[in-house]
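Residue numbers (my numbering): -12 to 136. This report refers to the structure that appears directly beneath it.
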């Protein structure tokens, strides 16, 4: 059974995702903020993490950056589920090493498809090409603040 860690500060969304994922036979662990999420990721080594970006204590970008810098957690599949729809946020997520970026409100069938693709339980369609769009955009303010030059 694949393990999924859900990092979401909104309790209702966290519970809704947990109930849905459990009905799809995933083992689900929940974290209410980025700091708890990072601690749990290091402890349980989930197969996949679903994370919001804007959270207290540590935001999703900081969680992802810390995971990618740690050899023990660097290869965990990381998918953002967020209300952030601007291209700068999307590009930063991909540059930091996110595997996918889904925007709210999320269609649960779409979420399940993304999980299946990244856990390789079904073949991936032709992947989107983020590089060219993000390269044209350049680094945004948030990325410069994080020290990614």
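In this text, a Cβ means the ideal position worked out from N, Cα and C, and glycines have one as well. The model shown is predicted, which means the values in this text are computed figures rather than measured ones.
Item, Value
"Helix, strand or coil, according to DSSP, for residue -9 in the structure here?", "strand"
"Determine the contact status of residue 10 and residue -8, defining contact as a CB-CB distance below 8 angstroms.", "no"
"Taking the alpha carbon of residue 71 as the point to measure from, which residue in 63, 48, 14, 84 has its own alpha carbon closest?", "48"
"Among the residues of its own chain, which have a CB less than 6 angstroms from the CB of residue -10, if the five just before and after it don't count?", "14, 33, 34"
"If we ignore side chains and look at the alpha-carbon of each, how far apart do residue 3 and residue 95 end up?", "10 angstroms"
"So, helix, strand or coil for residue -4, using DSSP?", "coil"
"Give the list of continuous beta strand (DSSP E) stretches no shorter than 3 residues that lie fully inside the segment -8 to 78.", "14 to 18, 35 to 38, 64 to 69"
"In whole angstroms, what is the alpha-carbon distance linking residue 26 and residue 58?", "15 angstroms"
"Ends of the alpha helix (DSSP H) at residue 95?", "95 to 105"
"Only counting the same chain, and skipping five residues up and downstream in sequence, which positions put a Cβ closer than 7 angstroms to that of residue 136?", "Confidence in residue 136 is poor, its pLDDT being 45 and thus under 50, which makes the residue's placement unreliable; the coordinate value appears in the next sentence. Excluding positions up to five away in sequence, the list is empty."
"Tell me, to the nearest whole angstrom, how far the beta carbon of residue 83 is from that of residue 51; I am working on the premise that it is less than 8 angstroms.", "5 angstroms"
"Leaving out five residues on either side along the sequence, give the residues of the same chain with a beta carbon under 7 angstroms from the beta carbon of residue -4.", "19, 20, 39, 42, 43"
"Which same chain residues, not among the five before or five after residue 87, have their C-beta less than 6 angstroms away from its C-beta?", "66, 101"
"Is residue 136 helix, strand or coil by DSSP?", "Low confidence applies here, because residue 136 scores a pLDDT of 45, under 50, leaving its location unreliable; read the following figure in that light. Looking at residue 136 - three-state DSSP - the assignment turns out to be coil, as it is neither helix nor strand."
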